[in-house]
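One structure below.
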Amino acid sequence: MKEKILITSALLYSNGPLHFGHVAGAYLPADCYARFQRLKQNDVLFISGSDEYGIAITLSAEIEGRSPKEQVDHYHKMNQSLFDQLGITFDHYSRTTWEGHKKPVQEFFLELLENGYIEEKVTDQLYSDKEGRFLADRYVVGECPSCGYDPARGDECPKCGASYDAIQLKNPRSKVSGAELSRKPTKHWFLLLNLFKERLTHWLSQKEWKSNVVNFIKGYVENLHPRAITRDTSWGIPIPLPNTEGKVLYVWFDAPIGYISATMEWALKSNEPDKWKDYWLDPDVRLVNFIGKDNIPFHAAIFPAMIMGQNRPYKLVDDIPANEFYNLEGRKFSKSEGWFIHLEEFLQNYTADQIRFAIASNAPETTDSEFTWKDFQLRCNSELLGKYGNLVNRVMVFARKQCGANIPAFGTLGQIDKDFLEKIDELTGYIEESFSKYKLRQASRLIMELAAAGNVYFDAKRPWKEVKENPQAMQTTVRCCLECLKALAMISCPVIPEAAGKVWKMLGNTSDIEKQSWDDVLRTPLVEGGPLGEPEILFRRIEDSEIENELEKLRSLNN
């Protein structure tokens with residue numbers, strides 16, 4: 001029976017270009033999982049979009065000389081293009097500025113208010129006399145109230161990871177002008193998260209999530225407190241109450257509802273306006289949120305609390321395979337500090353499969369990991385080229401030359417042949433389990449283990465000698481190798497889809513591998529006598545000089 005699976009990737013903040021950390025944290029793992037589940041013939045809906053409200057948008061727009069709308073339009077278009085180039089297969093990529101987003105957000109607010117989970121109160125907030133306005137957290141820097149780090153952000157410390165309200169900062173000042181800030185009273189609305197503590201604790205106790213997620217969220221829920229959900233600004237979803245001009249809902253309140261509104265937009269564009277309910281109001285749906293570490297509180301506590309406060313039975317998340325941080329050459333990715341890689345430029349020089357495999361094979365699943373240019377070169381040359389590409393090329397060239405460009409019969413299987421075919425079955429089973437449990441690093445390692453096993457078998461059988469001494473044995477060897485290539489194409493499709501598709505076509509198929517059934521392909525032998533396609537070089541060697549140029553480029557950006 002088909003399983004209905006709703007997959008979300010964290011909405012990408014539309015104030016800058018997509019970078020490797022984003023890809024490693026929330027988008028590549030989700031895409032590989034979605035591709036795998038589609039191959040398993042499940043009913044998959046993969047949703048994401050641009051997060052386009054919030055103070056960080058207005059701040060970056062000011063810095064870059066654009067209006068907030070111009071800013072989000074610019075980066076939404078840019079990031080959509082980058083996702084396409086990376087082969088991220090969203091079923092729908094939305095944006096929170098689309099007209100249909102406002103209604104569900106305001107409905108969430110009003111129901112929480114009516115149900116007693118939102119409180120209105122006057123509090124002191126940081127005000128800039130120099131700029132004549134209240135400054136929200138992203139406009140503020142100061143000394144962290146937990147560890148003393150300065151400059152800490154207005155809502156979170158980049159050093160210790162503490163989360164707080166900007167008013168708690170010591171020695172606060174404007175990020176724009178550097179002016180000292182004073183406290184001034186203003187009216188805001190607070191979500192009473194503390195009222196959900198017991199329900200959240202019970203709900204979380206039933207989850208068998210990754211240890212890094214569980215350990216993080218348990219401490220967070222223990223210290224739940226009322227949290228402001230409004231801001232003094234004009235860029236955002238208006239508060240649906242009278243006499244609230246100049247106040248909007250805080251971005252962390254509206255953004256997760258974007259998953260729902262994005263699904264509504266997908267349904268509208270599918271000409272089935274109510275179809276979103278099949279995913280968000282069906283308790284049997286499996287909902288998986290792919291996010292980075294910094295988004296755990298919102299997805300594992302705050303948004304679930306918001307849903308618990310609704311009258312409508314929205315689906316609560318089933319799993320949150322959050323990843324840790326992905327760094328660059330030992331340091332955090334930072335455009336402001338010149339420590340980053342232009343993804344658009346990268347994709348002009350290297351393939352999407354190369355970066356997908358490099359990230360997947362070193363994904364920050366339970367601990368922080370990093371991209372280094374030397375590791376990228378090693379994985380591309382020794383694994384993609386040396387193992388995977390080498391096996392495909394040598395088998396296909398030999399098969400076309402010695403077997404009349406047709407798939408030979410199995411013939412009589414010797415013990416080495418039987419052992420090899422069993423090895424293929426064993427490894428594909430392990431790989432299926434790895435994908436189903438979000439273990440992308442393990443899946444990538446096992447894919448290369450299968451390619452290596454194919455090379456070992458080919459070398460051990462020496463078909464170039466068998467062709468003279470025992471042509472029938474040679475055909476058995478080639479047939480077993482072609483079965484390995486078929487399995488390799490299927491199990492690598494979620495990670496390196498372009499190369500997998502080419503291997504599938506080399507085996508004489510005219511169909512799209514992504515439309516096939518994982519189980520059918522792995523269980524059904526190739527058709528004896530079927531024609532083989534032309535061999536094709538899948539990967540190129542990356543030279544030392546290229547890597548040195550990339551490292552020099554990074555050093556020059558950092559100066």
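Last residue of the sequence shown: number 559 in my numbering, and the count goes up by one each step with no gaps. From the three backbone atoms N, C-alpha and C, an ideal C-beta is built for every residue, glycine too.
| Query | Result |
| --- | --- |
| For Thr569, which option in Thr89, Arg199 and Ser234 has the closest C-alpha, if you only look at C-alpha atoms? | Outside the modelled stretch of the chain, which goes from 1 to 559, sits residue 569, for which no answer is possible. |
| Let me know the beta strand (DSSP E) ranges lying completely inside the region 99–182, each 3 residues or longer, listed in chain order. | 118–128, 140–143 and 170–174 |
| Please state whether DSSP places Pro185 in a helix, a strand or coil. | strand |
| Note the first and the last residue of the continuous beta strand (DSSP E) segment covering Ser94. | His92 to Arg95 |
| Go ahead and label Leu538 buried or exposed: buried means 16 or more other beta carbons lie within 10 angstroms of its beta carbon, across all protein chains shown. | buried |
| From the DSSP output, read off the bridge partner residues of Ser9. | Phe290 |
| Using alpha carbons as the reference points, say which of Ser434, Val23 and Glu222 lies closest to Gly87. | Val23 |
| Do you know how far the Cα of Lys4 is from the Cα of Lys277? | 12 Å |
| What's the C-alpha gap between Asp84 and Leu18? | 12 Å |
| Quick one: is Glu324 buried, meaning 16 or more other Cβ sit within 10 Å of its Cβ, or exposed? | buried |
| Please classify Arg312 as buried or exposed, where buried requires at least 16 neighbouring CB atoms within 10 angstroms. | exposed |
| So what's Tyr314 in DSSP terms, helix, strand or just coil? | coil |
| Going by the DSSP bridge assignment, what does Phe190 pair with across the sheet? | Glu119 and Ala228 |
| Can you give, in chain order, each stretch of the beta strand (DSSP E) that sits fully within the region 396–456 and has at least 3 residues? | none |
| Nearest to Phe333 by CA position, among Glu365, Ser369 and Glu345, is which residue? | Ser369 |
| Should Glu383 be labelled buried (16 or more other beta-carbon atoms within 10 Å of its own) or exposed? | buried |
| Is the beta carbon of Leu488 less than 8 Å from the beta carbon of Leu507? | no |
| Beta-carbon within less than 6 Å of Thr8's beta-carbon, same chain only, minus the 5 sequence neighbours each way: which residues are those? | Ile47, Tyr259 and Asn289 |
| Quick one: is Asn271 buried, meaning 16 or more other Cβ sit within 10 Å of its Cβ, or exposed? | exposed |
| In whole angstroms, give me the CA-to-CA distance for Val221 and Pro297. | 8 Å |
| Run through the region 513–541 for me and flag every whole alpha helix (DSSP H) of 4 or more residues, listed as ranges in chain order. | 518–523 |
| Work out the CA separation of Glu546 and Arg394 for me, nearest whole Å. | 27 Å |
| Between which two residues does the beta strand (DSSP E) containing Phe196 stretch? | Run containing Phe196: none; DSSP gives neither H nor E here. |
| Can you give me the Cβ contacts of Leu557 inside the same chain, cut-off strictly under 8 Å, excluding the 5 residues immediately before and after it? | Gly338, Trp339 and Phe340 |
| So is Pro29 buried or exposed if we call it buried at 16+ other beta carbons inside 10 Å? | buried |
| Out of curiosity, what's the CA-to-CA distance linking Asn509 and Gly454? | 21 Å |
| Taking contact to mean 3 or more Cβ pairs, one atom from each stretch, closer than 8 Å, check whether the region 514–521 and the region 29–43 are in contact. | yes |
| Which whole-angstrom value describes the C-beta separation of Met474 and Gln402, a residue pair presumed to lie in contact below a C-beta threshold of 8 Å? | 7 Å |
| Could you check whether Leu281 and Lys315 sit closer than 8 Å to each other, using their CB atoms as the reference points? | yes |
| Does the structure place the region 151–166 close enough to the region 87–105 that three or more beta carbon pairs sit under 8 Å? | no |
| Take Gln37 as the anchor and find which of Trp504, Lys184, Glu114 and Glu433 has the nearest alpha-carbon. | Glu433 |
| In three-state DSSP terms, what is Leu369? | Residue 369 is actually Ser in this sequence, not Leu. Strand at Ser369. |
| Short of 6 Å in beta carbon distance, which residues of its chain neighbour Tyr149, apart from the five on each side in sequence? Order them along the chain. | Cys157 and Lys159 |
| Where in the region 232–256 do unbroken runs of the beta strand (DSSP E), each at least 3 residues long, occur, reported from the N-terminal end onward? | 247–249 |
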